[in-house]
């Protein structure tokens, strides 16, 4: 998995729906599972949501912690 994809999960916000404005990495697993069943959006957003789902499904959310911390530090 490429680092820039993981970075986008910690910086990009959901652009629509109930969780509009929520970081993609913070979306609840059940919401991502719904997209998995119904179909992810086309394009980059869909790819990122599918990646977020796989990370959560496989218990790999700790992968995002260092990236999350580095993006917070760069904002300060």
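In our numbering, the protein residues as written are 7 to 82. Note that the Cβ used here is the ideal one computed from N, Cα and C, for glycine as well. If you're wondering where the values come from, they're calculated on a predicted model, not measured in any experiment.
Could you spell out the range, first to last residue, of the alpha helix (DSSP H) harbouring residue 49? Indexing the chain shown from 1 puts residue 49 at position 43. Taken as a continuous stretch (DSSP letters only), the alpha helix (DSSP H) holding residue 49 covers 49-63.
Relative to the C-alpha of residue 33, which residue among 76, 54, 10, 9 is closest? One-based indexing of the chain shown puts residue 33 at position 27. Across the set 76, 54, 10, 9, the C-alpha of 54 shows the shortest separation from the C-alpha of residue 33.
Which residues share a DSSP beta bridge with residue 29? Translated into the one-based positions of the chain shown, residue 29 becomes position 23. In DSSP, residue 29 forms a bridge with 19.
Residue 63 to residue 43, Cα distance in whole Å? Taking the first residue of the chain shown as position 1, residue 63 is located at position 57. Taking the first residue of the chain shown as position 1, residue 43 is located at position 37. Our two residues, residue 63 and residue 43, have alpha carbons roughly 14 Å apart in a direct line.
CA-to-CA distance, residue 76 to residue 70, given in whole angstroms: Indexing the chain shown from 1 puts residue 70 at position 64. Indexing the chain shown from 1 puts residue 76 at position 70. Taking the straight line joining both Cα atoms gives about 10 Å.
At which residues does the alpha helix (DSSP H) containing residue 36 begin and terminate? The sequence position of residue 36 within the chain shown is 30, counting from 1. It spans 35-44 - the alpha helix (DSSP H) in which residue 36 sits, taken as one unbroken run.
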